[in-house]
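One structure is given below, encoded as structure tokens.
Numbering (the working numbering), first residue to last: 27 to 467.
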């Protein structure tokens, strides 16, 4: 099953020993037989005898940690098993996302063509597949750009525009002379007419969820980067960076993925040396670093500190970054305008909650988790909670459910200080939310 026994862990050992014991049944022997010779009959037998989640966890473990250590036959069989699992339409999103983390885009897209119903009814899998296709020059045309959801769906396209400044296409798309009057809501910036005509301005103005940026890295690369960041002052920095370059960051594409990930980590001091090293090795990846400077992001100040640090370090990329930042400054103003325009108000939150039914409530909670953005900003908690004491009971229940999910997903807690008189719903809501634990992402 494994190319080398040295890569065997506890789960793989149980699979191997189950086969050596010549057992006739049991989870591990059926699982092992399925890996060696996938069939719908074996899969049905496994799923009917054992919890689906146990099967998913086993497949996820092999994909996430052992895929390239498996023999070619077994790794191909593993892909076939995931495809067979799609007909059950349950708990398979995690397998799809972990396959995409290995950049098995062609295999997942084949599953999409074979099982479109699964993907249309599971937006997480579909969104991640679209995201990875958008990052690929080969697969970019698989989906309509109008379905893109955040700025990083367009990263590769903008990168190519910026790097190909001498071409006629670049000059035409960049031109500000022929901007239609309808665009005057936004300060003019490069390519505004092109993106407006394609209906992609809202995509440009939507920040990318961090889990999508991290998904472009393998689990091993993400763990190694975090190790270097957390121990940057306590280890032989150059030695570990050279290992990263040797084993993981081997070209400009991989350097861009790492920079997009690092630029969104709030480790203000430790990321500087890592970014500097990557840019010195792959200077053309600088566009990935400034992507958050051109597009609205909550960590703009951290990224600006990064640019200041590169100036101090005399990194040659700063000569390319500064002019680009100046040219695209108007885009930052445009995004800031859009962001403020869509900032929730007390009135808009009141209308939203009072208009909720269960289906819509469930939908916005899923959107909140997917977009990684709270529905109710923490700075508005006091005003909204105080006002809610006079609301209808159903509206109060929906409010506290939302606050509960915001505690789970984002760690946003409530304070009961200063509320002398509270409704029964509020008293219960306080107790429930205060007792909830933040979800470990």
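Just so it is clear, CB atoms sit at the ideal spot from N, CA and C, and this is done for glycine as well.
- By the C-beta density criterion, residue 223 is exposed, having fewer than 16 other C-beta atoms within 10 angstroms.
- Residue 113 places its beta carbon 7 Å or farther from that of residue 154.
- Burial is judged here by how many other beta carbons sit within 10 angstroms of a residue's own beta carbon; residue 253 has fewer than 16 and is exposed.
- CA-to-CA, the gap between residue 318 and residue 353 works out to about 15 Å.
- When rounded, the separation of the alpha-carbon atoms in residue 265 and residue 258 is 11 Å.
- Per the C-alpha coordinates, the member of 157, 358, 162 positioned closest to residue 178 is 157.
- DSSP places residue 96 within a strand segment (E or B) once states are collapsed to three.
- Counted as a single uninterrupted DSSP element, the alpha helix (DSSP H) harbouring residue 434 occupies residues 419-436.
- Distances from the CA of residue 77 to each of 91, 88, 57 were compared; the closest alpha carbon is that of 57.
- Distance from residue 417 to residue 459 at the Cβ level is roughly 17 Å; contact not present, criterion being Cβ atoms closer than 8 Å.
- Proximity to residue 121 across 90, 147, 146, 101 peaks at 90, based on C-alpha coordinates.
- Shortest Cα-Cα distance from residue 405 to any of 132, 382, 440, 381 involves 440.
- The beta-carbon distance between residue 28 and residue 127, rounded to whole angstroms, is 20 Å. This is too long to meet the 8 Å contact definition.
- The beta carbon of residue 303 sits closer than 7 Å to those of 267, all from its chain and outside the five residues before and after it, given in chain order.
- Scanning its chain for C-beta atoms nearer than 7 Å, with the 5 sequence neighbours on each side dropped, one finds around residue 248 the residues 240, in chain order.
- Rounded to whole angstroms, the gap between the alpha carbons of residue 40 and residue 117 is 23 Å.
- The alpha-carbon of residue 218 is positioned some 29 Å away from that of residue 401.
- Secondary structure at residue 230: helix, using DSSP grouped into helix, strand and coil.
- The beta carbon of residue 164 is closer than 7 Å to none in its chain, skipping five residues each way along the sequence.
- Closest in alpha carbon position to residue 148, among 452, 393, 448, 438, is 393.
- DSSP places residue 138 in the uninterrupted alpha helix (DSSP H) bounded by 131-140.
- If you ignore the 5 residues before and after residue 92, its C-beta comes within less than 8 Å of the C-beta of 28, 33, 35, 38, all in its own chain and listed in chain order.
- Residues 52, 54, 55, 58 of the same chain have their beta carbon placed closer than 7 Å to that of residue 44, with the five preceding and five following residues left out of the count.
- A residue is called buried once 16 or more other Cβ atoms fall within 10 Å of its Cβ, and residue 235 is buried on that count.
- Around the Cβ of residue 312, a 10 Å sphere holds 16 or more other Cβ atoms; the residue is buried.
- Boundaries cannot be given for residue 406, as no alpha helix (DSSP H) includes it and DSSP labels it neither H nor E.
- For residue 182, DSSP records no beta bridge to any residue.
- Close CB contacts of residue 343 within its chain, under the 7 Å cut and outside five residues either way in sequence, are with 305, 309, 312, 336 (chain order).
- Shown here for residue 172: same chain residues with a beta carbon closer than 7 Å to its own, the five before and five after excluded, namely 225 in chain order.
- Residue 341 and residue 287 have their C-alpha atoms roughly 20 Å apart.
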